[in-house]
Amino acid sequence: MPNTSATSSLFEPARLGPLDLPNRLVMAPLTRNRAAADGVPLPIMATYYAQRASAGLIIAEASTPNAVGQTYPNITAIHDDAQVTGWRRVTDAVRAAGGRPMFLQIQHGGRVGHPDTSGLTPLAPSPIPLPETIFTPSGHQQAVVPCEMTPDDIRSTIADFAAAARNAIDAGFAGVEVHSANGHLLHQFLAANTNRRTDGYGGPVSRRIRFVVETAQAVAEAIGPERVGLRVSPGHTVNGIQEDDTEALYPALTEALADLGLAYLHIGFADPGRPVFQTIRKAWPTTLIANPVLPVDQIPADGGLRQATRLLAEGADLIALGRPFLANPDLVHRLRTGAPLNPVRDRYLMYVGGETGYTDYPTLTVGS
């Protein structure tokens with residue numbers, strides 16, 4: 198039977214800047230490692246995203262703005278013409294399938310990278326290595342000590358984000374999401390344990406947020422603020438991040454960004470029970486996307502509807518889901534009708550090439 202009581206608002210139309218969305222369900226960015234070694238999206242990716250075109254909004258997987266920002270093998274990029282052409286095949290396929298305009302997440306890995314993958318020594322706020330091994334083309338290796346970014350490195354990286362955003366628009370995306378979460382470069386600037394700089398980009402909160410704010414400003418100036426979102430993950434400890442001042446850090450960042458007119462702020466691992474969520478909601482003037490905390494290796498039987506409903510009640514405007522969309526191309530239909538969900542078959546298949554565990558998840562037959 199259709200699940201219509203507590204979740205009906207998820208299926209109502211919504212507005213995101215100048216965009217009309219058919220529902221409030223967002224496909225969260227999911228790294229799937231199906232690109233060519235040079236970051237060019239492969240044709241199979243067009244099939245994958247077109248299968249999921251019923252999402253209210255698709256935020257496509259993290260793409261690097263330059264070569265040194267590459268994290269793992271076979272992830273996408275958006276800094277040369279071939280990559281733009283590859284992504285254009287994807288956006289064209291989603292439109293042909295009836296989907297709405299997509300956003301592209303732009304991600305620089307910072308210290309989350311390795312010379313065997315990118316051919317370059319990673320850059321980071323400070324020369325502090327990732328405290329774990331990292332996957333490379335030759336298997337897991339010990340992380341290397343990154344080079345501390347110089348002022349010129351900072352300026353050129355900000356310019357690369359802006360150029361990547363322009364490339365994304367050329368590739369047919371409606372906008373971009375600046376990735377400032379999950380322990381990657383921008384998050385490394387925010388966190389005191391990875392940012393030990395003593396210049397204008399390190400030290401107190403007001404200086405640690407500077408790189409994120411300047412990057413968002415540059416991207417907004419490049420393509421228009423109504424085309425730009427930003428993702429954060431307050432308090433999340435992935436990739437060796439430790440935040441001792443989360444409750445001060447993110448309100449300060451939100452306040453510094455509030456006047457830019459960005460399309461949205463996207464909170465990853467969102468917990469409405471934490472004070473920081475409420476503080477951000479009160480301070481953020483435009484759309485708030487919330488990505489609920491779900492189990493790592495399985496999809497809840499309700500697909501995350503309970504968490505989604507609570508987040509909407511606590512002020513979120515849109516709900517982003519990752520693994521449920523991964524395993525269920527027709528997730529919107531399944532959630533709307535209360536149909537059972539496909540489970541994620543094998544976590545290993547999330548990050549290897551090919552159709553298996555990628556484009557071969559079944560959809561419901563018409564009328565089911």
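Using the numbering used here, read the sequence shown as starting at 198 and increasing by one per residue.
Yeah, the Cβ is synthetic: ideal placement off N, Cα and C, and Gly gets one too.
All of these numbers come straight from a predicted model, not from anything done at the bench.
As a beta-bridge residue in DSSP terms, M224 pairs with I255 and L518.
For G465 and T506, the gap between their C-alpha atoms comes out near 16 Å. By the C-beta density criterion, T268 is buried, having at least 16 other C-beta atoms within 10 angstroms.
Excluding residues up to 5 positions away in sequence, A359 lie with their Cβ nearer than 8 Å to the Cβ of E418 in the same chain. Shown here, P238 sits in a strand according to DSSP, grouped into three states. With contacts defined by Cβ atoms closer than 8 Å, S353 and L427 do not form a contacting pair. Listed in chain order, the non-local C-beta contacts of R249 below 7 Å within the same chain comprise M224, I255, F522 and P526, local neighbours out to five positions each way being set aside.
Cβ-Cβ separation between V529 and S251: approximately 4 Å, consistent with a contact (criterion under 8 Å). When secondary structure is reduced to three states using DSSP, L459 falls in the coil class, being assigned neither helix nor strand.
Taking C-alpha positions only, I516 is separated from L508 by approximately 8 Å. Across the set P324, D235 and A294, the C-alpha of P324 shows the shortest separation from the C-alpha of N390.
Classified as exposed, V493 has fewer than 16 neighbouring CB atoms from the shown chains inside 10 Å of its CB. Between A257 and the set D278, F408, P270 and R231, the nearest pair of CA atoms involves R231.
Of the candidates A361, T476, P322 and G550, T476 places its Cα closest to the Cα of L446.
Within the model, the alpha-carbon separation for G310 versus A264 is close to 10 Å. Residue range D278 to A293 is occupied by the alpha helix (DSSP H) that includes G283. Annotation for D217: the continuous beta strand (DSSP E) segment containing it runs L216 to L218. Comparing alpha-carbon positions, the option among A460, I406 and Y555 lying closest to T443 turns out to be I406. Here F300 is bridged, per DSSP, to I256 and G372.
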